[in-house]
Amino acid sequence: MLTRPQRVYHWDRRNSSISSDRLADEDRPHLERALAVYRASLGERLGRLRDAARAALEGLRPDRVEAVVQLLDDAATYEWPRGRGQAERRVGVFARAAARHPLLDPGDRAPIVTEVFGACPPRDADLAALLYADYPEFHRLRSFPDGYTAEDLRADYDLGQAQALLYSALQVSVEARGDFRHIVQYARLSRLLHRIEPAPGGGYRFVFDGPNSILRHTHVYGVDFARFLAALVQARDWQLAADIELRKGWRPLTFALSSDQGLRSRVPAPTLFDSTLEAALAEKFGAEREGWRLRREAAVIEAGRNLLIPDFVFTHADGTEVALEIVGYWTPEYLAAKLGKLRSVKAPNLLVAVRRSLALEAGALPSAVLPFKSRILLRDLLPRLEAFRR
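The opening residue of the sequence shown carries number 765 in my numbering; numbering runs sequentially from there.
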């Protein structure tokens, strides 16, 4: 996944718009040469491999090179000494050298290194690689996928640049007319702050708070945003608009994407998200418990101009109905707004479950909020459900 320093974009000052960089057909030969470097370099150090790839990409526009090299590294698999052993051996070498200080003759170091590692490379560069084999610069290439083509690399670059631009988003809206259910699932499981409302031209609009709009966890939140986009591009008939703030205090720029632009992700969307929390609760609760029946994603609640799609609906034998929505990232204001949507409309009782570790701001929690640590416990959930019957 690309980082902020690796992103490349095009800024149109006339209409305050911005677009992410995309590779062209004429860039393909450069990508082929870089791929050949990785395929022919099994066992090579990461630092040397990256330098060789940069040399192979010499004809590519310079500001694109680091992003391409990063994506090649992401596709590769590296190996290095794991655990504390390597650091302990390194300390052992330095401790023995200190005891024999001063070591004026370069040949005096060989017995020390051999004593710890079993051998001593003759060249200084190889000695550094031996001592610091656990440092990224000296990781060794173990494998590179045979089926990874220049077209795959180009697709990863185009998507990665769009993802990296969204790191600076204040707000993102997605209008969807096709694959609505899938996008709902992506929106929920991405854990991002969002709301859903009917779109003027039909379909639905998802409105997200962007990574630049929150106070903390910006990097992690931005990564989840990138994963959401990787899932979204696999859906049909959608349009995305984002307000991008490149620097604090600058006027936001408009970034637009759509399903017609040909972005693609090589990773199947369902594998991007972890729904084990919901699955574990459904399995633990069962179909019925203490008079309550559980249904998953069984309701679309209209709250004014907004829609709520809870994860579960619990229905008691006496007719009491409680919707449970599990929220990812949250702030007290976000929860208050979500609960406030239901005050003026006829809707089921709503219970919102929040993971404490994903709080973006501290604050008191409303009574209709169920906090949890890593999983929702039935001993906490059932009393909350019963409270709605009174």
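Here a beta-carbon is modelled for each residue, glycine too, at the ideal position from N, C-alpha and C.
Own chain residues within Cβ distance below 7 Å of Leu1146, not counting five before or after: Glu1054
Could you please give me the residues that DSSP links to His958 through a beta bridge? Phe972
Could you have a look at Gln925 and say whether DSSP puts it in helix, strand or coil? helix
Answer yes if the segment 812-829 comes into contact with the segment 849-858, meaning at least three C-beta pairs across the two stretches below 8 Å, and no otherwise. no
Drop a sphere of 10 angstroms on the beta-carbon of Ala940, count the other beta-carbons inside from all chains shown, and report buried for 16 or more, exposed for fewer. buried
CA-CA distance, Gly966 and Val948? 16 Å
Within a Cβ cutoff of 6 Å, which residues of the same chain sit near Val954, ignoring the five residues on either side of it in sequence? The amino acid occupying residue 954 in the given sequence is Ser; Val does not appear at that position. Answer for Ser954: Asp988 and Phe992, listed in chain order.
Buried or exposed, going by whether 16 or more other CB atoms sit within 10 Å of the CB of His983? exposed
I'd like the list of long-range same chain contacts for Phe1049, defined as Cβ closer than 6 Å, with 5 residues on each side in sequence excluded. Leu1058
Residue range of the unbroken alpha helix (DSSP H) whose run includes Pro875: Arg873 to Phe881
Close-in-space but distant-in-sequence residues of the same chain around Arg797 (CB under 8 Å, 5 per side omitted): Ala820 and Leu821
Taking Cβ to Cβ, would you say Val936 is nearer than 8 Å to Ala1006? yes
Please list, in chain order, all residues of the same chain as Leu923 whose beta carbon is under 8 Å from its beta carbon, the five residues on each side excluded. Leu993, Ala994, Val997, Leu1027, Arg1028 and Ser1029
Rounded to whole angstroms, how far is the Cβ of Ala893 from the Cβ of Arg786, which I believe are closer than 8 Å? Incorrect: roughly 37 Å between the Cβ atoms, too far for contact.
Count the CB pairs spanning the segment 903-920 and the segment 771-779 that are closer than 8 Å, and state whether there are at least three. no
When we look at the beta-carbon of Trp1014 and count the other beta-carbons within 10 Å, is it buried (16 or more) or exposed? exposed
Using DSSP with H/G/I as helix, E/B as strand and the rest coil, what is Arg1060? strand
Validate contact between the segment 829-844 and the segment 896-911 using beta carbons, cut 8 Å, 3 pairs: yes
Rounded straight-line distance, which links the Cα of Asp791 to that of Leu799: 13 Å
Whole-angstrom Cβ separation of Ser1023 and Arg1000, contact assumed at under 8 Å? 6 Å
In terms of alpha-carbon separation, which member of Asp838, Gly1104 and Glu1085 lies closest to Arg1154? Glu1085
Taking DSSP's pairing of strands, which residues face Ala919 in a bridge? According to DSSP, which records beta bridges pairwise, Ala919 is partnered with nothing at all.
Pull up the DSSP beta-bridge partners for Gln834, would you. Answer is none; Gln834 lacks a bridge partner.
Leaving out five residues on either side along the sequence, give the residues of the same chain with a beta carbon under 6 Å from the beta carbon of Thr1035. Here Thr1035 scores only 40 on pLDDT, less than 50, and its place in the model should not be relied on; the value that follows carries that caveat. Result list for Thr1035: empty, nothing under 6 Å.
Taking all protein chains shown into account, decide if Leu867 is buried (16 or more other Cβ within 10 angstroms of its Cβ) or exposed. exposed
Under the three-state DSSP convention, the category Asp1144 falls into: helix
Alpha-carbon to alpha-carbon, Ile876 and Arg718: The structure shown has nothing for residue 718, since the chain only spans 765 to 1154.
For Ser783, which of helix, strand or coil comes out of DSSP? strand
Alpha helix (DSSP H) containing Thr1040: first to last residue? Thr1040 to Phe1049
So which of Thr1040, Glu1047, Glu1089 and Val1031 has the shortest CA-CA distance to Ser1138? Thr1040
Out of curiosity, what's the CA-to-CA distance linking Gln850 and Glu879? 14 Å
Arg818 in three-state terms, based on DSSP: helix
Rounded Cβ spacing between Ala933 and Ile1008 (contact assumed at less than 8 Å): 6 Å
With a CB to CB cut of under 6 Å and the five nearest residues on each side skipped, what residues in its chain are close to Phe1037? In this prediction, Phe1037 scores a pLDDT of 38, lower than 50, which makes its location untrustworthy; the coordinate-derived value is nonetheless stated afterwards. Closer than 6 Å at the Cβ level, and outside the excluded window around Phe1037, lie Leu953.
Contact check, Gly823 vs His865, beta carbons under 8 Å: no
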